[in-house]
Amino acid sequence: MSFRSFHPPHRTLLGPGPSDISPAVLQALSRPVIGHLDPLFIGMMDEVKQLLQYAFQTENAFTIALSAPGSAGMEACFVNLVEPGDKVIVCRNGVFGERMRENVIRCGGEAIMVDSAWGELVDPALLAQTLQAHPDAVLVAFVHAETSTGALSDAKTLATLARQHGCLTIVDAVTSLGGVPLHVDEWQLDAVYSGSQKCLSCVPGLSPLTFSPRALEKMARRQTPVQSWFLDQSLVLGYWGNGGQRSYHHTAPVNSLYALHEALLALKEEGLEVAWQRHRTQHEILKAGLEALGLSFVVAESHRLPQLNAVYLPNGVNDAEIRSRLLTEYNLEIGGGLGALAGKAWRIGLMGYGARRENVALCLQALSDVLR
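Numbered by the numbering used here, the letters in the sequence shown go through residues 1 to 372 in order.
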């Protein structure tokens, strides 16, 4: 067998992630490698922390980019904050709420479920009832933006309820960070994780992560060791400290962090509020076009994510065939449904650099052509 260099085609990525990456971020990836303990690299890491604090809208000192994808960011929150026997209330309204439940179980905790229908937001009234029924619960976990359905839950209200009952919160912001309002400090969220490849439009493989002082206190009070050495954030603290001498923990993905720095710099220069509005504006254009094609949304408009649009397939349409034609004929990727929506819905992402008018126009024209 003969092997040769891999040269992928240029695709327009309008799926649930990864998203399109700007030329500036791609260029940052190609810069010379320096050591992960080099003083210049450490200085850049400090800037990444500050830029992430801006993106999360937090002053949390422990705000880092975990050297692993968003799924590891999720696991980092659970393995550090859940001890055997802890009772954790998990809100489940899609695939990623179920993954939270699995993390609780693997940590030896007890998962108390608050279930809402797929496509619905997490019901605050159900959470309130569950908190009252389980006064010994110590954590509430929920997905802010459910990537499997495109539903946006009210993180501020859910966190307020948790706090009223003495619980910390673990929040999945993988798809929300940079795309819709997220105010970690104002809403008093405790452990929040995200992914680099969604609305930040960076390469996959990094997980922005922020812990409140309350979360760090619970971590410090642990009676048992964290079950994962690599994800033990008490060890990572020494590597992501503020300037000065850093302790070696692992070899950081140097070039990926260059790219994240560039992507966060672009977000800072655009401004969070402007970025949020851009996602909303492009969503409205896409929405009008999809509805003109006769497609209906999975999620009601009142709690619909602008950056992740889940629509039902028309009757008689073959999911795999349509997405394959979009890929081969238009170099356009959209996502299929997950879990209960597999084969029944498409997920069209307008994330970060990909949330542009020309991408919306391409998507609508391509869908119109292949559905015809």
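No residue lacks a Cβ here, since even glycine has one placed at the ideal position from N, Cα and C. In this text the structure is predicted, and so the values were computed from the model without any measurement.
The alpha-carbon of Pro84 is positioned some 18 angstroms away from that of Gln233. Fewer than three beta-carbon pairs drawn from the region 46–54 and the region 221–236 are found closer than 8 angstroms, and the two stretches are therefore not classed as touching. Only residues of its own chain outside the window of five on either side were considered, and among them Gly17, Pro18 and Pro204 have a CB closer than 6 angstroms to the CB of Gln197, listed in chain order. Per the coordinates, the alpha-carbon of His10 lies some 28 angstroms from the alpha-carbon of Glu146. With fewer than 16 other CB atoms across the displayed protein chains lying within 10 angstroms of its CB, Ala342 is exposed. The C-beta separation of Gly109 from Val79 comes to about 10 angstroms, leaving the pair out of contact by the 8 angstroms criterion.
For Ala191, the enclosing beta strand (DSSP E) begins and ends at Ala191 to Tyr193. In chain order, Asn93, Gly94, Thr149, Ala340 and Leu341 place their CB closer than 7 angstroms to the CB of Trp118, counting only its own chain and leaving out the 5 sequence neighbours on each side. Cβ contact annotation for Asp136 (same chain, cutoff 6 angstroms, sequence separation greater than five): Lys87, in chain order. In this structure, the alpha-carbon of Thr58 lies about 29 angstroms from that of Pro23.
With 16 or more other Cβ atoms from the protein chains shown falling within 10 Å of its own Cβ, Tyr258 counts as buried.
Nearest in C-alpha terms to Glu120, of all of Phe211, Ala111 and His144, is His144. Around the C-beta of Asn60, 16 or more other C-beta atoms lie within 10 Å, and the residue is accordingly described as buried. Using a Cβ-Cβ distance cut-off of 8 angstroms, the region 315–323 and the region 265–280 are not in contact, since fewer than three pairs of beta carbons, one from each stretch, lie closer than that value.
Under the rule that a run must span 3 or more residues, the beta strand (DSSP E) segments found entirely inside the region 282–331 read 308–312. Taking C-beta atoms as the reference points, Leu293 and Ala65 fail to come closer than 8 angstroms. DSSP places Thr130 in the helix class (H, G or I) of the three-state scheme.
Rounded to the nearest angstrom, the gap between the Cα atoms of Arg31 and Asn255 is 7 angstroms.
In the three-state reduction of the DSSP assignment, Ser256 falls in the helix class, which pools H, G and I. Counted as a single uninterrupted DSSP element, the alpha helix (DSSP H) harbouring Glu217 occupies residues Pro213 to Ala220. Rounded to the nearest whole angstrom, the C-alpha separation of Met351 and Arg106 is 32 angstroms.
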